[in-house]
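*Asks:* Before anything else, here's the structure in question.
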Amino acid sequence: MKTFQNTFLRLGLVIGTGLIVASCSSSKESEQDPRPNIIWLMAEDISTDLECYGTAGVQTPHLNWLAENGTKFENAYVTNSICSPSRSAMMVGVHQNQTNTQHHRSNRNIPLDTAYKPFTYWLRKAGYTTVLGHHGVMDKGRKTDVNFKHTPTGEWDGTEDFGLFDNLDTIRSSEQPFFAQIQLKATHRGDWWDDVRERSSDPVDPEKVELPPYMADDPVIRLDWAKYLDQMEYIDNEVGMIMEELEQKGLADNTIIIFIGDNGRCNIRGKGYLFEAGVHIPLIIYDPRKKGQKVNHQLVSATDITATVLEYAGANLPEYLTGTPIFKEGSGRSQVYSSRDLWDEVMEKSRAVTTDRWKYIRHDKPELPYEVGQAYLEFYRPAVHVMRRLYDHDSLSPSQAYFFGDAKPTEELYDLKNDPLELNNLALSPEYRTIKKQLREELNTIEKRFSTTGPLEIEHPGAVDVLKWLKEEKPSVYKQIQEGKEVGYKKYAAQYKKHLNE
-12 MKTFQNTFLR LGLVIGTGLI VASCSSSKES EQDPRPNIIW LMAEDISTDL
38 ECYGTAGVQT PHLNWLAENG TKFENAYVTN SICSPSRSAM MVGVHQNQTN
88 TQHHRSNRNI PLDTAYKPFT YWLRKAGYTT VLGHHGVMDK GRKTDVNFKH
138 TPTGEWDGTE DFGLFDNLDT IRSSEQPFFA QIQLKATHRG DWWDDVRERS
188 SDPVDPEKVE LPPYMADDPV IRLDWAKYLD QMEYIDNEVG MIMEELEQKG
238 LADNTIIIFI GDNGRCNIRG KGYLFEAGVH IPLIIYDPRK KGQKVNHQLV
288 SATDITATVL EYAGANLPEY LTGTPIFKEG SGRSQVYSSR DLWDEVMEKS
338 RAVTTDRWKY IRHDKPELPY EVGQAYLEFY RPAVHVMRRL YDHDSLSPSQ
388 AYFFGDAKPT EELYDLKNDP LELNNLALSP EYRTIKKQLR EELNTIEKRF
438 STTGPLEIEH PGAVDVLKWL KEEKPSVYKQ IQEGKEVGYK KYAAQYKKHL
488 NE
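Going left to right, the sequence shown walks through residues -12 to 489 as the numbering used here numbers them.
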């Protein structure tokens, strides 16, 4: 197993010694409430790129163990390919377009409609203590990132009090059963990727990775992919640390672990797009009460995870939920509805419906190309810069060049059974006219059900100003970015802030 030197990996969910005694004994309190503890591990910006999903070059032994002893889901999808809308949907259990939370980093000062409540409200009502974060993971795992007024901790009434969780990191001896949501940040694009790679005892070999065919086989792109898998191995170590802690504190036999991604990898066709790389995410559920490897092929929406947590807890399932408990008999779904709206300075409107075989995508703004030079992404996707140059020299294959066209098609249709990498758009093929019409009508019906209108308050993306400043004031640094070098966004954001104050 690989290790990471001098990292922040350490046991960190602070639990009072009284709980250790209670969890290892037959105390009256334990007998009265045998319900399981639940830990929801939310990994940022990952597609199904784990070893247990067949990805080459990466080692994820702890997640492998969870998959081998729990349930690995092959067809889990998020409702949005960007973090804050996706997280908003999971936090409420309702598709983000129904709650006016679909635009990234918006409406942070506008309360959630009082018809809805975060699912942690219902867990509290059911007697669970809700906890955010873990001392031992990168940045303590306390990210909330939802598009409505909220505070990390405190009471919730939705009008004056907006606390999502009870505690940060800490569970006291009297607070069992508990629910903990822990964010695993390392896989999110960030200036720490090189540091994590340098601290690995055995960094991923760029020559051993397998790139998807829609990405050019270039040394810069291979190295970037290897760094991404280094982060995957780092969060696997974090998962192992949490599992070890549960064992040491006598909680392993009564704690359910859910591992899920919040959206796909931040790369070509991934985060921000409705392709598989953007919305198809890993999902593993380990229930120690039901050990044994299972592979589940049913369609799952991320909002189903919310309903499943409430079901595990014996909590009330409000009627407004758009998700259903995964393991409830007859709960299977025929499709997952995903959408893409505002992300930073780019106002987009794309919709997708995914079935067990097909994906249909509709772009209401086809004039916007896939690659629009979004400021934040300019700092963090070396593959885009490399492939832009290759595109300009007509050196990309058709599947690689597809991403860099001047516009998008209005409709896309993919046969996921025979074309899981979505290389062949069938939308214009007469042979598939019937299924396209069927899915188009289904998407229109779903969209009407989930659509909403409401106020929109947008946060200005700072990356826009930093990139403009670099282009005008530090052209040599801007040139490095264009060459595919990651110069460090935070470093130059700090310099830009200092420049403004001079």
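Note that beta-carbon positions come from the ideal geometry of N, C-alpha and C, so glycine has one too. None of the values given here were measured: they were computed from a predicted structure.
Would you kindly check if the distance between the Cβ of Lys59 and the Cβ of Val296 is under 8 Å?
*Replies:* Mapped onto the sequence shown, residue 296 falls at position 309. Mapped onto the sequence shown, residue 59 falls at position 72. Cβ atoms of Val296 and Lys59: not closer than 8 Å.
*Asks:* From which residue to which residue does the beta strand (DSSP E) around Ala339 run?
*Replies:* Your numbering for residue 339 matches position 352 in the sequence shown. Segment Ser337 to Thr341, the beta strand (DSSP E) holding Ala339.
*Asks:* Since Ile158 and His121 are thought to touch, with beta carbons under 8 Å apart, how far apart are those beta carbons, to the nearest angstrom?
*Replies:* Locating residue 158 in the sequence shown gives position 171, where the first residue counts as 1. Locating residue 121 in the sequence shown gives position 134, where the first residue counts as 1. Incorrect: roughly 11 Å between the Cβ atoms, too far for contact.
*Asks:* Kindly identify the DSSP beta-bridge partner or partners of Arg349.
*Replies:* Here residue 349 is taken as the residue at index 362 of the sequence shown, counted from 1. Note: Arg349 sits in a beta bridge opposite Arg338 and Glu398.
*Asks:* Is the Cβ-Cβ distance between Glu562 and Lys(-11) less than 8 Å?
*Replies:* Examination of residue 562 is not possible in this model, given that the chain is present from -12 through 489 alone.
*Asks:* Would Pro369 be called buried (16 or more neighbouring beta carbons within 10 Å of its own) or exposed?
*Replies:* Taking the sequence shown and counting its residues from 1, the one referred to as residue 369 is at position 382. Classification for Pro369: buried.
*Asks:* Between Val183, Phe135 and Leu110, which has its C-alpha nearest Glu162's C-alpha?
*Replies:* What you label residue 162 is simply residue 175 of the sequence shown in a count that begins at 1. Comparing Cα positions, the closest option is Leu110.
*Asks:* Which first and last residues belong to the beta strand (DSSP E) in which Leu171 is found?
*Replies:* Working through the sequence shown from its first residue, we reach residue 171 at position 184. It spans Phe165 to Leu171 - the beta strand (DSSP E) in which Leu171 sits, taken as one unbroken run.
*Asks:* Roughly how many whole angstroms lie between the Cα atoms of Asp249 and Gln322?
*Replies:* As a first step, residue 249 is located in the sequence shown; it is residue number 262 there, counting from the start. As a first step, residue 322 is located in the sequence shown; it is residue number 335 there, counting from the start. Each residue's alpha carbon lies about 19 Å from the other.
*Asks:* Shortest alpha-carbon distance to Leu364 belongs to which of Lys214, Gly301 and His175?
*Replies:* Within the sequence shown, the letter at position 377 stands for residue 364. The shortest C-alpha separation from Leu364 is found at His175.
*Asks:* On the three-state DSSP scale, how would you describe Leu155?
*Replies:* The residue labelled residue 155 in the question sits at position 168 within the sequence shown. In the structure shown, Leu155 sits in a strand (DSSP, three-state: E or B).
*Asks:* I need the DSSP call for Pro269, collapsed to helix, strand or coil.
*Replies:* For the purposes of this step, residue 269 is taken as the residue at position 282 of the sequence shown. If DSSP states are grouped into helix, strand and coil, Pro269 belongs with the strands.
*Asks:* DSSP has Met29 in a bridge; who is on the other side?
*Replies:* Here residue 29 corresponds to residue number 42 of the sequence shown, with the count starting at 1. Answer is Gln170 and Ile247.
*Asks:* From Leu28 to Leu171, what does the alpha carbon distance come to, in whole angstroms?
*Replies:* As a position in the sequence shown, residue 28 is number 41, starting the count at 1. As a position in the sequence shown, residue 171 is number 184, starting the count at 1. Straight-line Cα distance between these residues: approximately 7 Å.
*Asks:* With H, G and I counted as helix, E and B as strand and the rest as coil, what does DSSP make of Trp330?
*Replies:* Counted from its first residue, the sequence shown places residue 330 at position 343. Three-state DSSP puts Trp330 in a strand.
*Asks:* Measure from the alpha carbon of Asn24 to the alpha carbon of each residue in Ala388, His267, Ala239 and Ile445, then state which is nearest.
*Replies:* Mapped onto the sequence shown, residue 24 falls at position 37. Nearest of Ala388, His267, Ala239 and Ile445 to Asn24, Cα basis: Ala239.
*Asks:* Can you list, in chain order, the residues of its chain with a C-beta nearer than 6 Å to that of Glu31? Leave out the 5 residues immediately preceding and following it.
*Replies:* As a first step, residue 31 is located in the sequence shown; it is residue number 44 there, counting from the start. Closer than 6 Å at the Cβ level, and outside the excluded window around Glu31, lie Lys172, Thr174, His175 and Asp249.
*Asks:* Report the rounded CA-to-CA distance for Ala203 versus Glu197, giving the unit in angstroms.
*Replies:* Position 216 of the sequence shown, counted from the start, is the residue given in the question as residue 203. Position 210 of the sequence shown, counted from the start, is the residue given in the question as residue 197. Roughly 11 Å separates the two Cα atoms.
*Asks:* With contact counted as at least three CB pairs below 8 Å, one residue from each stretch, are the stretch 57 to 73 and the stretch 276 to 292 in contact?
*Replies:* Because the criterion of three Cβ pairs below 8 Å is met, the stretch 57 to 73 and the stretch 276 to 292 touch.
*Asks:* Just mark Asn565 as buried or exposed, buried being the case when its beta carbon has 16 or more other beta carbons within 10 Å.
*Replies:* Limits of the chain in this structure are -12 at one end and 489 at the other, which puts residue 565 out of reach.
*Asks:* Could you tell me which uninterrupted beta strand (DSSP E) segments, each at least 3 residues in length, are contained entirely in the stretch 295 to 326, listed from first to last along the chain?
*Replies:* For the stretch 295 to 326, not a single whole beta strand (DSSP E) run of length 3 or above is found.
*Asks:* Sorted by chain position, which residues of the same chain lie with C-beta nearer than 7 Å to Asn96's C-beta, five sequence neighbours on each side aside?
*Replies:* By one-based count along the sequence shown, residue 96 stands at place 109. Excluding residues within five positions, the ones whose Cβ falls inside 7 Å are Lys136 and Glu444.
*Asks:* Report the partner residues of Leu364 according to the DSSP bridge assignment.
*Replies:* On the sequence shown, residue 364 is found 377 positions in, with the first residue counted as 1. In DSSP, Leu364 forms no bridge with anything.
*Asks:* Relative to the C-alpha of Leu400, which residue among Phe391, Gly392, Trp179 and Leu410 is closest?
*Replies:* Position 413 of the sequence shown holds residue 400. Considering only alpha carbons, the answer is Leu410.
*Asks:* Please list the terminal residues of the continuous alpha helix (DSSP H) segment that includes Tyr483.
*Replies:* Counting from one through the sequence shown, the residue named residue 483 turns up at place 496. That run of the alpha helix (DSSP H) goes Tyr476 to Asn488.
*Asks:* If we call anything under 8 Å between Cβ atoms a contact, is Asn134 one with Ser75?
*Replies:* As a working note, residue 134 is residue 147 in the sequence shown. As a working note, residue 75 is residue 88 in the sequence shown. Cβ distance < 8 Å, so Asn134 and Ser75 count as in contact.
*Asks:* Give me, in chain order, the residues of the same chain whose beta-carbon lies closer than 8 Å to that of Gln83; leave out the 5 immediate sequence neighbours on both sides.
*Replies:* Position 96 of the sequence shown, counting from 1, holds the residue named residue 83. Thr66, Asn67, Pro72, Ser73, Ser75, Ala76, Gln89, Asn134 and Ser326, listed in sequence order.
*Asks:* Which first and last residues belong to the beta strand (DSSP E) in which Leu119 is found?
*Replies:* Position 132 of the sequence shown, counted from the start, is the residue given in the question as residue 119. From DSSP, the beta strand (DSSP E) with Leu119 extends over Thr116 to Leu119.
*Asks:* Kindly provide the ranges of any alpha helix (DSSP H) runs that are 4 or more residues long and lie completely inside the stretch 77 to 123, ordered along the chain.
*Replies:* DSSP runs (the alpha helix (DSSP H)) wholly in the stretch 77 to 123: 106 to 112.
*Asks:* DSSP puts Tyr40 in a beta bridge; with which residues?
*Replies:* Here residue 40 refers to the residue found at position 53 when the sequence shown is read from its first residue. According to DSSP, which records beta bridges pairwise, Tyr40 is partnered with nothing at all.
*Asks:* Whole angstroms are fine: how far does the CA of Tyr115 sit from the CA of Glu16?
*Replies:* Your numbering for residue 16 matches position 29 in the sequence shown. Your numbering for residue 115 matches position 128 in the sequence shown. Reliability fails at Glu16, whose pLDDT of 44 lies under 50, so the model's placement of it is uncertain and no value is given.
*Asks:* Might you give, ordered along the chain, the residues of its own chain that have their beta carbon closer than 7 Å to the beta carbon of Cys70, omitting 5 neighbours on each side?
*Replies:* As a position in the sequence shown, residue 70 is number 83, starting the count at 1. Cβ within range, chain order: Glu31, Asp132, Asp249 and Asn250.
*Asks:* Span of the alpha helix (DSSP H) holding Thr(-10)?
*Replies:* For the purposes of this step, residue -10 is taken as the residue at position 3 of the sequence shown. Counting along the chain, Thr(-10) falls outside any alpha helix (DSSP H), and DSSP gives it neither H nor E.
*Asks:* Within 10 Å of its beta-carbon, does Tyr460 have 16 or more other beta-carbons around it, so buried, or fewer, so exposed?
*Replies:* As a first step, residue 460 is located in the sequence shown; it is residue number 473 there, counting from the start. A quick correction: the sequence has Glu, not Tyr, at residue 460. Result: exposed.
*Asks:* Of the residues Asp20, Ile33, Pro21 and Phe(-9), which one's Cα is nearest the Cα of Ile268?
*Replies:* Indexing the sequence shown from 1 puts residue 268 at position 281. The shortest C-alpha separation from Ile268 is found at Ile33.
*Asks:* Pop quiz: Tyr307 and Val81 are said to be a contact at Cβ under 8 Å. What is the actual Cβ separation, rounded to whole angstroms?
*Replies:* Walking along the sequence shown from the start, residue 307 turns up at place 320. Walking along the sequence shown from the start, residue 81 turns up at place 94. That belief holds up - the Cβ atoms of Tyr307 and Val81 are roughly 6 Å apart, short of 8 Å.
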